[in-house]
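Okay, so here's the structure we're looking at.
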Amino acid sequence: MDFQYTSFILSVVIASTPLLLAATGELVAERAGVLNLGVEGMMLVGAIAAFAVAVTTGSSTLGILAGVGAGVLTSLIFALLTLSFLSNQVATGLALTIFGTGLSALIGKAYVGMVVARLPQIHIPGLSDIPFFGPVFFGQDVLVYVSFALVAAVYWFLFRTHAGLVLRAVGNSHDAAHAIGFPVIKIRYLAVMFGGGMSGLAGAYMAIAYNTSWSEGMTAGRGWIALALVVFATWRPFWLVVGAYLFGSIMYLSLYIQGFGVHIPSQFISALPYASTVVVLVAISRDRKRIRLNAPASLGKTFHAAG
Amino acid sequence: MNSDLVLRFGAGAKVFVVSLFAIVLSLIVFGIFVVLSGVNPLDVYRLMYVGAFGSWFSWQNTLLRSAPLLLTALCTALPAQMGMVIIGGEGAFVLGGLAAAAAGLLLSDMSVPALIVQGAMAIAGMCAGGAVIASAGALRHLRGVNETISSLLLSYICIAVLNQMVEGPMRDPTSLNKPSTRALPDWAMLGNIPGMDIHVGLIFGLLFCLATYMLMFHTTFGFAARMVGGNVRAARMAGLPVGRLILIVTFLGGAAAGLGGMVEVAAVQGRANATIASGYGLTGILVAFLARQNPLIVIPVAILLGGIDASGGLLQRRLDMPDASVVVLQGIIFVILLASESVQEGINLPGWFRGIKPRSSAVAVAEGAE
Numbered sequence: 008m009d010f011q012y013t014s015f016i017l018s019v020v021i022a023s024t025p026l027l028l029a030a031t032g033e034l035v036a037e038r039a040g041v042l043n044l045g046v047e048g049m050m051l052v053g054a055i056a057a058f059a060v061a062v063t064t065g066s067s068t069l070g071i072l073a074g075v076g077a078g079v080l081t082s083l084i085f086a087l088l089t090l091s092f093l094s095n096q097v098a099t100g101l102a103l104t105i106f107g108t109g110l111s112a113l114i115g116k117a118y119v120g121m122v123v124a125r126l127p128q129i130h131i132p133g134l135s136d137i138p139f140f141g142p143v144f145f146g147q148d149v150l151v152y153v154s155f156a157l158v159a160a161v162y163w164f165l166f167r168t169h170a171g172l173v174l175r176a177v178g179n180s181h182d183a184a185h186a187i188g189f190p191v192i193k194i195r196y197l198a199v200m201f202g203g204g205m206s207g208l209a210g211a212y213m214a215i216a217y218n219t220s221w222s223e224g225m226t227a228g229r230g231w232i233a234l235a236l237v238v239f240a241t242w243r244p245f246w247l248v249v250g251a252y253l254f255g256s257i258m259y260l261s262l263y264i265q266g267f268g269v270h271i272p273s274q275f276i277s278a279l280p281y282a283s284t285v286v287v288l289v290a291i292s293r294d295r296k297r298i299r300l301n302a303p304a305s306l307g308k309t310f311h312a313a314g
Numbered sequence: 059m060n061s062d063l064v065l066r067f068g069a070g071a072k073v074f075v076v077s078l079f080a081i082v083l084s085l086i087v088f089g090i091f092v093v094l095s096g097v098n099p100l101d102v103y104r105l106m107y108v109g110a111f112g113s114w115f116s117w118q119n120t121l122l123r124s125a126p127l128l129l130t131a132l133c134t135a136l137p138a139q140m141g142m143v144i145i146g147g148e149g150a151f152v153l154g155g156l157a158a159a160a161a162g163l164l165l166s167d168m169s170v171p172a173l174i175v176q177g178a179m180a181i182a183g184m185c186a187g188g189a190v191i192a193s194a195g196a197l198r199h200l201r202g203v204n205e206t207i208s209s210l211l212l213s214y215i216c217i218a219v220l221n222q223m224v225e226g227p228m229r230d231p232t233s234l235n236k237p238s239t240r241a242l243p244d245w246a247m248l249g250n251i252p253g254m255d256i257h258v259g260l261i262f263g264l265l266f267c268l269a270t271y272m273l274m275f276h277t278t279f280g281f282a283a284r285m286v287g288g289n290v291r292a293a294r295m296a297g298l299p300v301g302r303l304i305l306i307v308t309f310l311g312g313a314a315a316g317l318g319g320m321v322e323v324a325a326v327q328g329r330a331n332a333t334i335a336s337g338y339g340l341t342g343i344l345v346a347f348l349a350r351q352n353p354l355i356v357i358p359v360a361i362l363l364g365g366i367d368a369s370g371g372l373l374q375r376r377l378d379m380p381d382a383s384v385v386v387l388q389g390i391i392f393v394i395l396l397a398s399e400s401v402q403e404g405i406n407l408p409g410w411f412r413g414i415k416p417r418s419s420a421v422a423v424a425e426g427a428e
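This is the structure we're talking about:
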């Protein structure tokens, strides 16, 4: 019995980590006022870049770095279009998803059927051998710990540093931030690139830790769930952890519930993340104070410096 | 008045030229991708033309693929006239298809005339699709919920409902590998346009575009709706029923996409299954943006993208290029066309894009005074 609990928790952690990584990046971009709907596309490009490099060099580390780099580069296309060319953020994000889906499939054609070594789980002698607690707390792969560290770092950055305050100011009122003299466009570029890097990292996780092979469209909508997650967490970093693990458990359950012989409509379960986010949206819309506190007021609006 | 007309024509011509330039540029960028994958780009261009517009056969293929895009684009373009960014077209399309299949199967068992079955399917599809998008509109109006995010979420819920229904209650037990509903009887299916190999869904799409263009730009209703999009508070002050306008227009948008789903079921697939959710909704959003949310301009844009889509098969067969190549081209076209919009408006580009910085009129006046 104990063994089953352990493997359940380990599976949930693996299902939740890519969601948490991608959502953390998107949260920073949205806090700066940029709605990037291209998460799915950036994840796919990150996934194929990480997989290709990991297969070619045999190094997971280089693969992960390649995934992050590819995510940043893809997000630069978005940043250039929306921030410098002032194109619509929604349309550009969708275009980025289509482009990333196509590009990753095109590159990935040569890599179908190959297998890469799975990202190893850490092993601390003694600690990792404790039953249940060992594998759960001291036996995950390194990116799981990185994902938690990054959430804490993002929280610290956004709410405990001056730069984070500036970034939130830009997201709340770009005109006011601009009038004070903050470089709105530059800050948004950096926020979008961070989001891209995190999406790329999430894609890399999908390709070399969640799976060990490449398949077309392998992120299977996780980019969209990450977007829902940011809203679900009402733009607060620590709530991302709650949401990511909730949504991760739901995804795991909807996949495996049939195997348990339980007659629960599995497709309805897979819709739960979206449905619960709608409920959260409706609920917070009643509480005007909370919206004002957390939702970036300039989200999705194009900034055009007058004069 | 004449000068106004000239001005409008001039602006239109400028948009046309810049868009054409953007498409040519996209083809060049795509050519670079093609060269990198070891294929002669000139072969690709030639085959794409042949596959999309080279013969009557390929024209028919192109028009077939543009039909659903006409309808899903309206799902974004109509609410956009009221300043709302709706991206739930896929959900409305899917739920419309499911509802149409349900209505069609129910009525065709009762041996009623084909026309009534088809009419009921169309109405069911439009109502289901309309309800999805109208609920995003209602959430926005009543609770201030961001309609972009809520319509996206609703869209995923709709896809889950479709999967659940075709895997559960509505499943045909004989569809083993690919869960589907029962097939519609042949007599209940939508036919082709006389003399062509194109189903009547194309006509639905064209009529919907023309009718909604007239509605939005040549009636008082459309004027009121666009006024809400321009300035909600002014519209309220003028006594316009803002909530009702939002509900009607979002319903219409959703109904268009839902009709698209009905056509997919009643003319293409013949049944509802997971393949209905194949991305027409997503592409439709981009068609709407490229058409600048104008229902009339949606028509040529949808045909262009339908053509690119149609040429994919030929590229795959003749040059052994992956299916995804045309998706990459679509992505590039979207990206470059979106960028070209601000180039023609000439605003806020960084100095190194603009070349010479335009002098402000104040400087020019000062110099003139010297």
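For the record, the sequence lines run as chains W and C. Numbering of the first sequence is given in the working numbering, commencing with residue 8 and proceeding in unit increments. Numbering of the second sequence is given in the working numbering, commencing with residue 59 and proceeding in unit increments. Note that beta-carbon positions come from the ideal geometry of N, C-alpha and C, so glycine has one too. The structure presented is a predicted model; accordingly, all values stated were derived computationally and were not measured.
Just the chain C side, please: which residues come within less than 9 Å of phenylalanine 235 (chain W) by C-beta, in chain order?
It should be pointed out that residue 235 (chain W) corresponds to alanine in this sequence rather than to phenylalanine. Result: Ile207, Leu210, Leu211, Tyr214.
Look at the alpha carbon of threonine 284 (chain W) and the alpha carbon of tyrosine 162 (chain W), and state the distance between them as a whole number of angstroms.
21 Å
With distances taken between CB atoms, is the gap from glycine 328 (chain C) to glycine 187 (chain C) smaller than 7 Å?
no
Per DSSP, aspartate 148 (chain W) is paired with what?
W:Gln128
Mind checking if alanine 278 (chain W) is an interface residue toward chain C, Cβ cutoff 7 Å exclusive?
yes
With H, G and I counted as helix, E and B as strand and the rest as coil, what does DSSP make of histidine 257 (chain C)?
strand
Per DSSP, what kind of secondary structure is asparagine 331 (chain C) in: helix, strand or coil?
strand
Counting only C-beta atoms, is serine 261 (chain W) closer than 7 Å to chain C at any point?
no
Segment contact flag, the region 104-120 of chain W with the region 36-51 of chain W, C-beta cutoff 8 Å, min 3 pairs:
yes
Test: lysine 308 (chain W) CB closer than 7 Å to a CB of chain C:
no
Need the endpoints of the alpha helix (DSSP H) that isoleucine 144 (chain C) sits in, please.
No alpha helix (DSSP H) contains isoleucine 144 (chain C), which DSSP labels as neither H nor E.
Can you tell which of W:Ile232, W:Ala170, W:Val62, W:Met225 has its C-alpha closest to the C-alpha of isoleucine 207 (chain C)?
W:Ile232
Use the C-beta contact count for tyrosine 263 (chain W): other C-beta atoms within 10 angstroms, 16 or more gives buried, fewer gives exposed.
exposed
Quick one: is tryptophan 242 (chain W) buried, meaning 16 or more other Cβ sit within 10 Å of its Cβ, or exposed?
buried
How many whole angstroms separate the CB atoms of alanine 346 (chain C) and threonine 120 (chain C), which I take to be in contact at a CB cut-off of 8 Å?
That pair is no contact at about 19 Å.
Report yes or no: is there a C-beta of chain C within less than 7 Å of the C-beta of valine 285 (chain W)?
yes
Listed from N- to C-terminal order along the chain, which residues in the region 93-112 of chain W have their beta-carbon within a distance smaller than 7 Å of any beta-carbon of chain C?
Leu93, Ser94, Asn95, Val97, Ala98, Thr99, Leu101, Ala102, Ile105, Phe106, Thr108, Gly109, Leu110, Ala112
Is it buried or exposed for isoleucine 405 (chain C), if we count other Cβ within 10 angstroms and need 16 for buried?
Unreliable placement is indicated for isoleucine 405 (chain C), whose pLDDT of 48 sits below 50; no coordinate value is reported for it.
Taking the Cβ atom as the reference point for each residue, do glycine 78 (chain W) and glycine 204 (chain W) lie within a distance shorter than 7 Å?
yes
Given this structure, state the Cα-to-Cα distance separating alanine 330 (chain C) from serine 135 (chain W), to the nearest angstrom.
50 Å
Does any residue of chain C bring its CB to less than 7 Å from the CB of serine 292 (chain W)?
yes
Are alanine 360 (chain C) and leucine 127 (chain C) touching if we call contact CB-CB under 7 Å?
yes
When Cβ atoms are compared, which residues of the region 233-257 of chain W fall closer than 8 Å to chain C?
Leu234, Ala235, Val238
State yes or no: is the C-beta of valine 258 (chain C) within less than 7 Å of the C-beta of leucine 248 (chain C)?
yes
Could you please tell me which residues of the region 222-241 of chain C, in chain order, have their CB closer than 7 Å to any CB of chain W?
Gln222, Glu225, Gly226
At 7 Å on the CB atoms, spell out the chain C contacts of phenylalanine 275 (chain W), in chain order.
Ala218, Gln222
Threonine 63 (chain W), enclosing alpha helix (DSSP H) - first and last residue
46-64
For methionine 379 (chain C), which of W:Gly115, W:Ser94, W:Ala22, W:Phe144 has the nearest alpha-carbon?
W:Gly115
Taking 7 Å as the CB-CB cut-off, is leucine 344 (chain C) touching chain W?
yes
Rounded to the nearest angstrom, how far is the Cβ of glutamate 205 (chain C) from that of valine 143 (chain C), given a contact under 8 Å?
7 Å
Does the Cβ-Cβ distance between leucine 208 (chain W) and leucine 28 (chain W) come in under 7 Å?
yes
With DSSP as the reference, identify every bridge partner of serine 238 (chain C), one or two as the case may be.
C:Asn331
What are the uninterrupted segments assigned as alpha helix (DSSP H) that are 4 or more residues long and contained completely in the region 78-122 of chain C, given in chain order?
99-111
Taking the straight line between their C-alpha atoms, what separation do you get for glycine 133 (chain W) and valine 153 (chain W)?
22 Å
Where glycine 389 (chain C) meets chain W, residues with beta-carbon distance less than 9 Å:
Gly48, Ala102, Leu103, Thr104, Ile105, Phe106, Gly107, Thr108, Gly109, Leu110
Three-state secondary structure (DSSP) at asparagine 29 (chain C)?
Any answer about residue 29 (chain C) is impossible in this case: the structure gives chain C only from 59 up to 428.
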